[in-house]
């Protein structure tokens, strides 16, 4: 029987092929899917894209982030369930969804809990929320960081709102929420729950005197055409949460986990910058179309809403978090 021996050249070639194959296996990136319910023009989407680029760079390409906008992976409730069972790695969800797991999260959505946008950013980046964010681990996910979804303010027809007296008797569209209805009441007006698609016509026909939302929505939906006075009451500053699957985290090395969490927290600052820039663009556009933006002394509104704040703060944990937030003003 003849025994064939590989030549030195053939041996080197085989070794090279093996090395290439091995390196390709090592360099194969783990996909990180992030579910997102808004468009790819949204500030949060842009912040997530940058987060993905930085994560890939910091881990030498071991992770590749893919953000799926426009509810391609389902609505926020469905996305959170996918994160919980490990079907996808991450998602951006509204704060009220996470309240279902820990009522302390409700404090982040209390009217006038934040003095202004800078205060909200300070709260989100200060570290005082770290323990709360980790509290959901037993439910299969953790909160990595919080993003702003803007400040809701009043916009009306007939004139701006600068005081409770200006709001008296005014019917303002609000979200379907008892808290929102009570909030409008303590501010001096009447909250009317209504679907967003009906608001323009309702204001136009006199069923409503106005609505409340952020500048981007105000401009995008052309509601300046029927409610040209935008009063900066900033009564509610909304939080969205970036959540991650605990099952996914368990597959990462401690160092990669640390990197992921660090970069996620850093993305909050970028998201605020992007949001603030889009607010300015939306405002400029609405002004060109005839809208008037009015600065408001919100102190009287804040004082009027204190009883509502006290009503919403029901547990020792909620009270403790509320006091920490107020201390950062």
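Residue numbers (mature numbering (1 follows the signal peptide of the UniProt record, and there is no 0)): -28 to -1, 1 to 301. Built from N, CA and C at the ideal position, the CB exists for glycine as well. Values in this document were obtained by computation on a predicted structure and should not be read as measured data.
Are residue i and residue j touching if we call contact CB-CB under 8 Å?
i	j	result
residue 125	residue 204	yes
residue 274	residue 82	no
residue 119	residue 223	no
residue 74	residue 97	no
residue 44	residue 236	no
residue 177	residue 165	no
residue 219	residue 58	yes
For residue i, which of helix, strand or coil comes out of DSSP?
i	result
residue 118	strand
residue 125	strand
residue 301	coil
residue 8	coil
residue 216	strand
residue 208	strand
residue 225	coil
residue 73	coil
residue 287	coil
residue 39	strand
residue 84	coil
residue 281	helix
residue 95	helix
residue 153	helix
residue 306	Limits of the chain in this structure are -28 at one end and 301 at the other, which puts residue 306 out of reach.
residue 175	helix
residue 46	coil
residue 13	coil
residue -1	coil
residue 251	helix
residue 198	coil
residue 188	helix
residue 261	coil
residue 160	coil
residue 29	helix
residue 67	helix
What separation, rounded to the nearest whole angstrom, lies between the Cα atoms of residue i and residue j?
i	j	result
residue 179	residue 157	18 Å
residue 200	residue 270	20 Å
residue 285	residue 34	43 Å
residue 252	residue 188	9 Å
residue 303	residue 70	The requested residue 303 does not occur in the structure, where the chain is confined to residues -28 to 301.
residue 13	residue 254	13 Å
residue 65	residue 5	14 Å
residue 197	residue 134	20 Å
residue 87	residue 1	43 Å
residue 291	residue 138	32 Å
residue 55	residue 214	11 Å
residue 31	residue 7	22 Å
residue 181	residue 95	34 Å
residue 84	residue 153	15 Å
residue 25	residue 39	11 Å
residue 175	residue 163	13 Å
residue 261	residue 249	19 Å
residue 207	residue 89	11 Å
residue 297	residue 171	33 Å
residue 263	residue 202	7 Å
residue 278	residue 227	44 Å
residue 29	residue 67	30 Å
residue 37	residue 192	29 Å
residue 123	residue 106	26 Å
residue 258	residue 103	41 Å
residue 79	residue 129	32 Å
Can you pull the DSSP bridge partners for residue i?
i	result
residue 165	146
residue 34	Answer is none; residue 34 lacks a bridge partner.
residue 62	6 and 216
residue 183	127 and 145
residue 267	204
residue 113	217
With a 10 Å radius around its C-beta and 16 neighbouring C-beta atoms as the bar for buried, classify residue i as buried or exposed.
i	result
residue 168	exposed
residue 195	buried
residue 9	buried
residue -8	Unreliable positioning characterises residue -8 in this predicted model, as indicated by a pLDDT of 47, which lies under 50. A coordinate reading is not provided.
residue 294	buried
residue 93	buried
residue 287	exposed
residue 283	exposed
residue 49	exposed
residue 186	buried
residue 217	buried
residue 212	buried
residue 143	buried
residue 16	buried
residue 121	buried
residue 61	buried
residue 232	buried
Taking only heavy atoms of the ligand COA into account, decide whether any of them is closer than 7 Å to the Cβ of residue i.
i	result
residue 153	The ligand COA is absent from the structure shown, which contains no ligand whatsoever.
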